[in-house]
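Some notes on the structure that comes next.
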Amino acid sequence: MAHIHLEDGALSPAWVLFWWAVAAALIALAIMSMKRETVSVRKLTLGAMCAAVGIAVFLVTIPVFGGVHLNLTPLIGILAGPAVGGVAALVINLFSAAVGHGGWGMIGVNTVMNITEVFLGYYAYRTLRMRLQADRFWSGLSAATLALIATAIAVVIIISIAGVQDSHLEEEETAHNLLVIAAANIVIGVVEGLVTGYVVTFIGRIRPDLLEHVERPTTAQTARPSAS
């Protein structure tokens with residue numbers, strides 16, 4: 007999925023530092039949010055479990071389109087929330103880089119992409135469930151697909167602007183390869199959307215309490231008088 011599998015040195019030092027700075031800022035915001043909300047032990051435990059599952063999923067390569075993998079980051083956002091899910095995204099990328107799944111210099115940009123998927127997955131699901139009254143399956147499918155398509159496009163834009171150092175490909179060849187990768191990621195994004203929809207539906211049936219935070223009505227919705 008939207009995970010840049012480039013080796014160290016592919017991006018210039020300036021771009022590596024830029025994306026590390028953006029990732030650090032997002033993680034700082036996530037930690038500040040966790041402190042304000044006083045995150046429960048149960049949610050922290052759930053976030054740790056999501057990180058463990060995410061690491062395992064990242065390392066399972068599906069032998070299509072030259073090798074792809076699921077992310078499950080939108081699902082992590084739905085289950086753990088944007089703050090805890092954002093920290094989980096950083097942990098996943100650190101462990102992935104440690105075993106050679108992408109270079110260390112890619113941690114910053116990949117963490118930003120995955121935090122974006124966590125954020126979009128959480129808020130898209132919440133909007134669909136609470137405002138549009140969609141069922142869990144379609145909410146999970148749509149939220150995950152939207153998040154993953156957005157970051158698949160973002161990856162193409164990022165690499166096109168930053169460029170790949172020491173690449174011997176012409177600009178036209180690079181653009182063609184990026185479009186092929188984006189198309190493959192979008193297809194897998196739909197597949198992951200289906201997986202997310204089924205998983206959220208299953209969890210909603212056996213452990214609906216795990217979805218309370220994302221399906222809880224807002225203060226405004228609670229205060230709104232019901233129609234007689």
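Quick note: this note's numbering has the sequence shown finishing at residue 234, numbered continuously throughout. Note that beta-carbon positions come from the ideal geometry of N, C-alpha and C, so glycine has one too. The structure displayed is predicted, hence computed values, not measured ones.
- Ranked by how close their Cα comes to the Cα of residue 19, the residues 68, 114 and 56 have 114 in first place.
- Here the alpha carbon of residue 104 sits roughly 32 Å from the alpha carbon of residue 42.
- Non-local C-beta neighbours of residue 192 in its own chain, meaning closer than 6 Å and more than five positions away in sequence, comprise 155 and 158, ordered along the chain.
- Annotated three-state conformation of residue 74 is strand, per DSSP.
- Secondary structure at residue 165: helix, using DSSP grouped into helix, strand and coil.
- Assignment of residue 212 by DSSP, reduced to helix, strand and coil, places it in the helix class.
- The DSSP-derived three-state label of residue 68 is strand.
- Taking residue 14 as the centre and dropping the five residues before and after it, the same chain places the C-beta of 109, 110 and 111 closer than 7 Å to its C-beta, in chain order.
- For residue 13, the secondary structure class from DSSP, reduced to helix, strand or coil, is coil.
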